[in-house]
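Residue numbers (the numbering used here): 169 to 239.
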């Protein structure tokens, strides 16, 4: 089953409510942010390569956020 970026993002936000992440729009791309750090969301939500890369970047972003919060 292929996941698109919207589904990946929805699951990540739901599973990580404690991180206080939110979506911010502006310019060409939306961003997932904690107010200081951000991750740009690709504009092609159904592109398989973009979705796979985004899922990896999102996982790294969340792990880094957890480390910063626990430091």
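Using N, Cα and C, we set each Cβ at its ideal position, and we do this for glycine too.
Is the Cβ-Cβ distance between residue i and residue j less than 8 angstroms?
i: residue 176; j: residue 218; result: no
i: residue 191; j: residue 202; result: no
i: residue 205; j: residue 185; result: no
Name the residue from the options whose alpha carbon lies nearest to the alpha carbon of residue i.
i: residue 181; options: 197, 239 and 207; result: 207
i: residue 211; options: 198, 221 and 220; result: 198
i: residue 183; options: 239, 238 and 226; result: 226
i: residue 187; options: 200, 194 and 196; result: 200
To which residues does DSSP link residue i through a beta bridge?
i: residue 199; result: 192 and 208
Using a Cβ-Cβ cutoff of less than 7 angstroms, which residues in the same chain neighbour residue i once the five nearest sequence positions on both sides are dropped?
i: residue 179; result: none
From what residue to what residue does the alpha helix (DSSP H) around residue i run?
i: residue 237; result: 216–238
i: residue 175; result: 173–183
Under 6 angstroms Cβ to Cβ from residue i, same chain only, skipping five residues before and after it: list those, please.
i: residue 222; result: 173 and 210
i: residue 229; result: 207
Below 8 angstroms CB to CB, which residues in the same chain sit around residue i once its five sequence neighbours on both sides are set aside?
i: residue 196; result: 211
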